[in-house]
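Using this note's numbering, the letters of the sequence shown correspond one by one to residues 20 to 147. For every residue, glycine included, the Cβ atom is placed at its ideal position computed from N, Cα and C. Being a predicted model, the structure only gives us computed values, none of them experimental.
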Amino acid sequence: MVLRYKNRSRRYMGTRTWGGGNKKNRRGAGSRGGVGRAGKKHKFTHIVKYEPERLHKKGFHSLAPQRLNEINLDSIAIAAQGQSELEYKGYKVLGSGELTAPVKVKASAFSKKASEKIKKAGGEAIQL
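This is the structure:
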């Protein structure tokens, strides 16, 4: 024979509402305050004590500079055709490739090789 219901505690035997308080309680879904993690207001003390990460963000916000994007001198040489000045905000210029035309390059950072090659080509490396 299949068991349909779990056995309840012996202490509730003979009581009318099985520990649910008044007989008017437990009538609808509203008495539950939501299922699972729903009903944040209703279950606030439990959340504060056992799940504080749900209320606010933990840790700190780093003020360190963000990582820069990278661009090579090859790409700058292609973009510099017909232009005398280029600006790359948020980029670090790397030294792979060759620069033939004199170009004034403005960027957030330069590698040593890149700045040497730009100056060698007759251009100027200006850090923003």
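Three-state secondary structure (DSSP) of residue i
i, result
"Ala133", "helix"
"Lys108", "strand"
"Ala126", "strand"
"Glu70", "coil"
"Leu92", "helix"
"Ala140", "coil"
Beta-carbon gap between residue i and residue j smaller than 8 Å
i, j, result
"Glu135", "Tyr110", "no"
"Lys125", "Ile145", "yes"
"Ser127", "Lys139", "no"
"Lys123", "Ser103", "yes"
Residues near residue i by beta carbon distance below 7 Å, same chain, minus five either side
i, result
"Ala98", "Leu105"
"Tyr31", "Trp37 and Gly38"
"Pro121", "Ala140, Gly141 and Gly142"
"Val21", "none"
Closest Cα partner of residue i within the set the options
i, options, result
"Ile95", "Leu87, Gly39, Thr36 and Gly114", "Gly114"
"Ser130", "Lys108, His80, Leu92 and Gly33", "Leu92"
"Glu117", "Gly142, Gly101 and Gln102", "Gly142"
"Val112", "Leu87, Thr119, Gln100 and Gly101", "Leu87"
Chain D contact for residue i (CB, 8 Å cutoff)
i, result
"Ala96", "Reference to chain D is not applicable here, since this structure consists of a single protein chain."
Same chain, Cβ closer than 8 Å to residue i, five either side skipped, listed in chain order
i, result
"Leu147", "Glu106, Lys108, Lys125, Ala126 and Ser127"
"Thr119", "Ala96 and Ala140"
Close Cβ partners of residue i (< 6 Å) along its chain, the five nearest in sequence each way excluded
i, result
"Arg46", "none"
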